[in-house]
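Residue numbers (the numbering used here): 734 to 992.
Dropping the structure here:
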């Protein structure tokens, strides 16, 4: 299932949506989080096309989302510079995803503090080696190239960094592609689990650092890093850099750890 097939059924009028061949974007019994967030985002911008540049999103993964669902987007408030929207996906009559989107016009900078380049040096994606995705979730092995970085974290360190890109050009605008890509890697707490068990994202909050993100040959450097894990949950940092080391997205996520 191509990216276009994933978003083409999402219209400005909202309402019922049926995805064809959705299994290609599944993660267990639900759509991959980045795919469901993208669907919600496309609903927002198609329903309200005259918005300022996108700045931030807050997504709650409430329940599994299958091939059939309903979607609705609304403006919560639109001021002179900032518009705030809400999107909701309902499955089986219940809320399955809720998202809050922030759009804002650019202003003359009154504070400048560039995000740091990734450390240690991840190398270049052109020189990287592919990972084995044969046991990965369906969405990952079907749709993504995933390569190792030049640096390799120790086995007991909860950090995962990989070069990632879509196997086929998406045709998406760069912001939509980042939303699709931003939750690609598994939570890094998986590296320090003491017993086998499932792990599941609960939410995802992120800021877009450049309203016109760009990269080279589709490659993005993705990172998940656990800041704290205990009592069945992990607080994870999610970051994306472009192929030249400029950070494009900064996020945080709550993850449930079972087993």
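Virtual Cβ for every residue (Gly too), placed ideally from N, Cα, C.
All of these numbers come straight from a predicted model, not from anything done at the bench.
Thinking C-beta only, is residue 832 closer than 8 angstroms to residue 922?
-> Against a cut-off of 8 angstroms, the Cβ pair of residue 832 and residue 922 comes out as no contact.
Which residues does DSSP pair with residue 758 in a beta bridge?
-> In DSSP, residue 758 forms no bridge with anything.
Where the beta strand (DSSP E) through residue 936 begins and ends = 936-941
So what's residue 985 in DSSP terms, helix, strand or just coil?
-> DSSP places residue 985 in strand when its eight states are reduced to three.
Tell me where the beta strand (DSSP E) around residue 830 begins and ends.
-> 827-837
How many Å lie between residue 867 and residue 874 at the Cα?
-> 7 angstroms
Please state whether DSSP places residue 766 in a helix, a strand or coil.
-> helix
Close-in-space but distant-in-sequence residues of the same chain around residue 1000 (CB under 7 angstroms, 5 per side omitted) = The structure shown does not extend to residue 1000, since the chain is modelled only from 734 through 992, so no value can be given for it.
Examine the Cβ distances between the region 843-855 and the region 743-759 and report whether three or more of them are shorter than 8 angstroms.
-> no
When you compare only the Cα positions, how much space is there between residue 738 and residue 843?
-> 42 angstroms
Cβ shell of residue 908 (< 6 angstroms), same chain only, five flanking positions each side left out | 787
Output yes or no for whether 8 angstroms exceeds the beta carbon distance between residue 935 and residue 989.
-> In this structure, residue 989 lies closer than 8 angstroms to residue 935 by Cβ.
Quick one: is residue 828 buried, meaning 16 or more other Cβ sit within 10 Å of its Cβ, or exposed?
-> exposed
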